[in-house]
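Colleague: Residue numbers (my numbering), protein chains in the order written: chain A, 1303 to 1520; chain B, 1303 to 1520; chain C, 1303 to 1520; chain D, 1303 to 1520.
Protein chains: 4
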Amino acid sequence: MNILTEKQRTEKAEKIADTALQLFQTRSFGSITMSQIAAKSGVGKGTLFNYFETKENIFMRLLLSGYQDYFENLIQDFQKLPSQVSVEEFSNFMINQTQYLIRDKSVLVRLNALRAPVLEGRANMDQTLAGRQVLYETSQRLGQVISEHVTFISKSEASHLFIVQSAIISGLMNMMGLDEFDHEQLSPKFTDFKINLETDAIQTLKFYLTGFFASKKQ
Amino acid sequence: MNILTEKQRTEKAEKIADTALQLFQTRSFGSITMSQIAAKSGVGKGTLFNYFETKENIFMRLLLSGYQDYFENLIQDFQKLPSQVSVEEFSNFMINQTQYLIRDKSVLVRLNALRAPVLEGRANMDQTLAGRQVLYETSQRLGQVISEHVTFISKSEASHLFIVQSAIISGLMNMMGLDEFDHEQLSPKFTDFKINLETDAIQTLKFYLTGFFASKKQ
Amino acid sequence: MNILTEKQRTEKAEKIADTALQLFQTRSFGSITMSQIAAKSGVGKGTLFNYFETKENIFMRLLLSGYQDYFENLIQDFQKLPSQVSVEEFSNFMINQTQYLIRDKSVLVRLNALRAPVLEGRANMDQTLAGRQVLYETSQRLGQVISEHVTFISKSEASHLFIVQSAIISGLMNMMGLDEFDHEQLSPKFTDFKINLETDAIQTLKFYLTGFFASKKQ
Amino acid sequence: MNILTEKQRTEKAEKIADTALQLFQTRSFGSITMSQIAAKSGVGKGTLFNYFETKENIFMRLLLSGYQDYFENLIQDFQKLPSQVSVEEFSNFMINQTQYLIRDKSVLVRLNALRAPVLEGRANMDQTLAGRQVLYETSQRLGQVISEHVTFISKSEASHLFIVQSAIISGLMNMMGLDEFDHEQLSPKFTDFKINLETDAIQTLKFYLTGFFASKKQ
DNA sequence: GATGAATGAGGATTCATTCAT
DNA sequence: AATGAATGAATCCTCATTCAT
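1) Is the CB of C/V1447 under 8 Å away from at least one CB in chain D?
2) Grab me the residues of C/M1478's own chain with a C-beta within less than 8 Å of its C-beta, minus the 5 sequence neighbours each way, in chain order.
3) Check whether the Cβ atoms of A/L1444 and A/L1365 sit closer than 8 Å, and answer yes or no.
4) Could you tell me which whole alpha helix (DSSP H) segments of length 4 or greater appear in the segment 1392-1465 of chain B?
5) Could you pull out every residue in the same chain whose Cβ sits closer than 7 Å to the Cβ of A/L1383, ignoring the five residues on either side in sequence?
6) Would C/A1432 be called buried (16 or more neighbouring beta carbons within 10 Å of its own) or exposed?
7) Would you tell me roughly how many angstroms separate the C-alpha atoms of A/I1339 and B/G1423, rounded to the nearest one?
8) Along the chain, where does the alpha helix (DSSP H) that runs through C/I1318 open and close?
9) Is B/S1468 close to chain A, meaning its C-beta is less than 8 Å from at least one C-beta of that chain?
10) Between B/Q1324 and chain A, is the shortest Cβ-Cβ distance under 8 Å, so that the two count as touching?
11) Pull out every residue of the segment 1358-1381 of chain D whose Cβ sits closer than 9 Å to any Cβ of chain C, in chain order.
12) So what's A/Q1520 in DSSP terms, helix, strand or just coil?
13) Out of B/L1376, B/G1348, B/L1437 and B/Q1446, state which residue places its alpha-carbon closest to the alpha-carbon of B/T1400.
14) Answer yes or no: do A/I1318 and A/Y1353 have a C-beta to C-beta separation smaller than 8 Å?
15) Please state whether the Cβ-Cβ distance between D/Y1402 and C/Y1510 is less than 8 Å.
16) Note down, in chain order, every chain A residue with its Cβ under 9 Å from the Cβ of B/M1427.
17) Going by CA-CA distance only, name the one from C/E1308, C/M1336 and C/D1494 that's closest to C/T1321.
18) Please report whether the beta-carbon of D/R1405 lies at a distance below 8 Å from any beta-carbon of chain C.
19) Roughly how many angstroms separate the alpha carbons of B/H1485 and A/F1395, rounded to a whole number?
20) Please compile the residues from chain B whose C-beta is within a distance smaller than 9 Å of the C-beta of A/M1336.
21) For B/I1504, go through chain A and note every residue whose CB falls closer than 7 Å to its CB, in chain order.
22) How would you label B/L1306, buried or exposed, when you count the other beta carbons within 10 angstroms and need 16 or more for buried?
23) Considering only the alpha carbon of each residue, which of C/Q1435, C/A1503 and C/A1418 lies closest to D/R1329?
24) Report the option in C/T1356, C/F1326 and C/E1355 whose CA atom is closest to the CA atom of C/S1342.
25) Just by C-beta distance, which residues in the segment 1389-1415 of chain A are closer than 9 Å to chain B?
26) Tell me whether C/F1492 sits in a helix, a strand or coil according to DSSP, three-state version.
27) Counting only beta-carbon atoms, is A/I1465 nearer than 8 Å to chain B?
28) For D/Q1442, decide whether its Cβ has a neighbour in chain C, counting only Cβ atoms nearer than 8 Å.
29) At 4 residues or longer, and completely inside the segment 1327-1354 of chain A: list those alpha helix (DSSP H) runs for me, N to C.
30) Between A/T1512 and A/A1425, how many whole angstroms is the CB-CB distance? I'm expecting something under 8 Å.
31) Given B/F1361, which residues of its chain have a CB within under 7 Å of its CB, disregarding the five upstream and five downstream residues?
32) Identify the residues that DSSP records as bridge partners of A/F1483: which are they?
33) For B/N1476 and chain A, any beta-carbon pair shorter than 8 Å?
34) Cutting at 7 Å between CB atoms, please list the residues of its own chain near C/D1502, excluding the five before and the five after it.
35) Roughly how many whole angstroms lie between the Cα atoms of B/L1463 and B/S1449?
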């Protein structure tokens, strides 16, 4: 066990990160401890630090690789589409993606909210920037692919669109739960404060896309 | 000093809360300590706890009273407008407000992001709900006023609009700084990741409003 | 209200002390706060300190005056008895007293257990010793009265007997509740650990008195 | 240092507990701090909490293991005695034990006085009850052994006798020091208040045993 | 004399991280 | 490489006491 292959090393790091992700589904960053991650991963506490310098690095990696995977999948999905895609078809695609992000990848969006205020303060800068660089390139490739399929949208605009998409979901997420307190439902009150995340996000994105394409057509 | 009037008590509580707010302009919730707030307020550490049960209560109060003030001002501003306001005029109003929120009240939006994951866990529930109740009523009054001035928008829709507005700003804020690391500007890179908060928020809101009114007119 | 008569002053001090005593019936010294005493007494927190230098002084006073009253009453009771009292009658008297102490004055015994380890560290020494002096004299008078009524017991022995009586009750009290945990009854277990305070105290005292008088008669 | 054997773990826990015990010889529970225990044990403050959940748990353990050892030793001592022991021999044995408890194990008795009012509020209940269970069984075994050696005393009575023994010592201890103040000897005064712990405890126990056996013989 | 606002020393406890094995 | 025991800085909070009014 003395010398691990690169693959073995990567797999163990992933196991640790995955465990952290699972914990993050139901708990906040602050309430997750390294001990819990170690116990649930089935590795020793010290081992964590052989793979990640700090707790923040674990979550920064989750954020970067999560978006990396998401963007890669988007590229794949897009390449399956016919060479030309109408504005309407593209909008539907984005709406489906939004639904998917909310239903299956909401942690990604929650991780995003941690990045600047929590993670960057103690994450390894070089590592983070290297990951971000790769992500940026992927995002550029994604933008490229989209711009090739959809008239009226440039590479830059496409790339930026996904930032806006995440922003909308993240923002609405922040505003959710005003009809609850600490996850306890309150007696029916505050109805106009209530956010239906999926409905509101899709509507907001739809309006955004409509507005965006309208502005391009002029 | 023996017995404080309600006003004096409120003023001191506000002084403490204001200090916390100032610290929050440049630091994160987690890195602000009660000792710092005490020292910077010029009061003893114990005094803090005479005014606020917990650290979280301080910030919950800032959040609630911040939005309370914001909504109250909006009502005032709106009442100065002519009895009928066109959709375009209303949109401009909202855009100005967005700019104002970003430029002068961005902490409010950042506080919002703390609410569910951080504050509610340890804030006094009754106090919070009382504050939220008042805020809700104000938001309803605001919605009422708007619906009276603007055709095509109901009280509920107007009230909900401000939630969306905050969501957009908050979400974009979360996505900002991808061209920085821990507030250090990086050499020009990641340009398509860059969020220009004001521009992007206004554009997104504009699109939202356009889409919203278009959907109403049908 | 500027100048209080000695009587008024004493009455207020007693009101405060009484409140503390009431709280002590159901709570421990450590969990009683000066704020609670003030609130329940209906006086200001600062007023407490006009009457008692420290929290410990309040309880020391309760201890001293409690025993003072108890001894005074004993003297009165004794003086009502016929001039000669048999050993058996005296024993019955002591047993009744034990029962009374347990049923109605158990706080007194609990206070006793606080004296050395808790109170003396921060109680006013002069005041305490003055009180103890008075108590001592009363105890001597009590001893005197008893020795006059009961053959076979000297003043010193009688005086000492009450110390032993309190010791027995206090000690058994300390050993109570081994069939409970933090006042929660446990499922029937530990039966031989169980102390029945009244029964055990009376039996122990009875044995003590029997032994004592037997040793004197030899 | 990587993984400690059960024995090593126990030893370190004992080292910490021993340190607490030493401090408790001369200071009160309330005035002993975790920092002091850590410093005097030569371990870090955090280490304390790896071994004991709370400060109260340390002292609860001292209490339980102290009595456990005491009872075990008593069983051993008793098994060395001839198969039949006269009432007088047994009484002498108990008196010697009382002397030993007072001279060498008085902290044990002082710890007992902390149990209900102080320790149980914050000690781990399951741990405590497990320890108490073991102690109870030991006490039963001790009772058994005694009842086998001494006619006139049942297992239950023997077991209960040790509770009474501790109660007598503990109670007298509470009443001690009335000729002192905060451990400072006062000029010769209050002589009849003076408890000579050893003499008084032995005498009280002797009377108790005499009374007890007399009641059995009838 | 009465009051309660202000105080701050002091305490228990948490947890990311280190490092000897 | 893996481990988990050890660590101690850091944090929130309590509450007896002081003192200006």
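Note that the Cβ used here is the ideal one computed from N, Cα and C, for glycine as well.
Predicted model only: the values in this text are computed from it and were never measured.
Modeller: Walking through what the data contain:
1) Counting from 1 along the third sequence, the entry for residue 1447 of chain C is found at position 145. No, C/V1447 does not count as interfacial toward chain D.
2) As a working note, residue 1478 of chain C is residue 176 in the third sequence. Excluding residues up to 5 positions away in sequence, I1497 and L1499 lie with their Cβ nearer than 8 Å to the Cβ of C/M1478 in the same chain.
3) Numbered from 1 along the first sequence, position 142 holds the residue referred to as residue 1444 of chain A. Numbered from 1 along the first sequence, position 63 holds the residue referred to as residue 1365 of chain A. Cβ distance not < 8 Å, so A/L1444 and A/L1365 don't count as in contact.
4) With a minimum length of 4 residues, the continuous alpha helix (DSSP H) runs that stay inside the segment 1392-1465 of chain B are 1408-1416 and 1427-1451.
5) Here the question's residue 1383 of chain A lines up with position 81 in the first sequence. H1451.
6) Residue mapping note: residue 1432 of chain C aligns to position 130 of the third sequence, counting from 1. C/A1432 comes out exposed.
7) Locating residue 1339 of chain A in the first sequence gives position 37, where the first residue counts as 1. Locating residue 1423 of chain B in the second sequence gives position 121, where the first residue counts as 1. Using only the alpha carbons, I get a separation of about 22 Å.
8) Here residue 1318 of chain C is taken as the residue at index 16 of the third sequence, counted from 1. Unbroken alpha helix (DSSP H) run through C/I1318: E1308 to T1328.
9) The residue labelled residue 1468 of chain B in the question sits at position 166 within the second sequence. Closer than 8 Å: yes.
10) Taking the second sequence and counting its residues from 1, the one referred to as residue 1324 of chain B is at position 22. No, because no Cβ of chain A sits closer than 8 Å to the Cβ of B/Q1324.
11) Cβ contacts with chain C come from no residue of the segment 1358-1381 of chain D.
12) On the first sequence, position 218 is the one that residue 1520 of chain A refers to. In the three-state reduction of the DSSP assignment, A/Q1520 falls in the coil class, being assigned neither a helical nor a strand state.
13) Translated into the one-based positions of the second sequence, residue 1400 of chain B becomes position 98. Residue B/L1376 is the option with its Cα nearest to B/T1400.
14) For the purposes of this step, residue 1318 of chain A is taken as the residue at position 16 of the first sequence. For the purposes of this step, residue 1353 of chain A is taken as the residue at position 51 of the first sequence. Yes. Within cutoff.
15) Locating residue 1402 of chain D in the fourth sequence gives position 100, where the first residue counts as 1. Locating residue 1510 of chain C in the third sequence gives position 208, where the first residue counts as 1. In this structure, C/Y1510 does not lie closer than 8 Å to D/Y1402 by Cβ.
16) Start at 1 with the first residue of the second sequence, and residue 1427 of chain B comes out as number 125. Neighbours of B/M1427 on chain A, chain order: F1483, D1484 and E1486.
17) Along the third sequence, read from residue 1 onward, the residue named residue 1321 of chain C stands at position 19. Nearest C-alpha to C/T1321: C/M1336.
18) In the fourth sequence, counting from the first residue as 1, residue 1405 of chain D sits at position 103. No, its Cβ sits nowhere closer than 8 Å to a Cβ of chain C.
19) As a working note, residue 1485 of chain B is residue 183 in the second sequence. As a working note, residue 1395 of chain A is residue 93 in the first sequence. The straight-line gap from Cα to Cα measures roughly 34 Å.
20) The sequence position of residue 1336 of chain A within the first sequence is 34, counting from 1. Correct list: empty, because the minimum Cβ distance to chain B is about 16 Å.
21) Residue mapping note: residue 1504 of chain B aligns to position 202 of the second sequence, counting from 1. Neighbours of B/I1504 on chain A: none; closest Cβ ~12 Å, over 7 Å.
22) Here residue 1306 of chain B corresponds to residue number 4 of the second sequence, with the count starting at 1. Its Cβ having fewer than 16 others within 10 Å, B/L1306 is exposed.
23) Counting from one through the fourth sequence, the residue named residue 1329 of chain D turns up at place 27. Taking D/R1329 as reference, the option from C/Q1435, C/A1503 and C/A1418 with the minimal CA-CA separation is C/A1418.
24) Counting from 1 along the third sequence, the entry for residue 1342 of chain C is found at position 40. The residue asked about is misnamed: residue 1342 of chain C is Lys in this sequence, not Ser. Here the closest residue by C-alpha is C/F1326.
25) Of all residues in the segment 1389-1415 of chain A, V1411, R1412, N1414 and A1415 have a Cβ within less than 9 Å of some Cβ in chain B.
26) As a first step, residue 1492 of chain C must be located in the third sequence, where it is residue number 190. Note: C/F1492 maps to coil in three-state DSSP.
27) To locate residue 1465 of chain A, count along the first sequence from 1; it is residue 163. Interface residue, yes.
28) As a first step, residue 1442 of chain D is located in the fourth sequence; it is residue number 140 there, counting from the start. Yes, contact with chain C.
29) Runs of the alpha helix (DSSP H) inside the segment 1327-1354 of chain A: 1336-1343 and 1347-1353.
30) As a working note, residue 1512 of chain A is residue 210 in the first sequence. As a working note, residue 1425 of chain A is residue 123 in the first sequence. Between A/T1512 and A/A1425, the beta carbon gap of about 38 Å keeps them out of contact (Cβ cut-off 8 Å).
31) In the second sequence, the residue the question calls residue 1361 of chain B occupies position 59. The beta carbon of B/F1361 sits closer than 7 Å to those of A1322, F1331, L1413, L1416 and L1421, all from its chain and outside the five residues before and after it, given in chain order.
32) Taking the first sequence and counting its residues from 1, the one referred to as residue 1483 of chain A is at position 181. Paired residue(s): A/E1486.
33) Here residue 1476 of chain B corresponds to residue number 174 of the second sequence, with the count starting at 1. For B/N1476, the answer is yes, since a Cβ of chain A falls inside 8 Å of its Cβ.
34) What you label residue 1502 of chain C is simply residue 200 of the third sequence in a count that begins at 1. Contacts found: L1474.
35) Locating residue 1463 of chain B in the second sequence gives position 161, counting from the first residue. Locating residue 1449 of chain B in the second sequence gives position 147, counting from the first residue. Rounded to whole angstroms, B/L1463 and B/S1449 show a C-alpha spacing of 12 Å.
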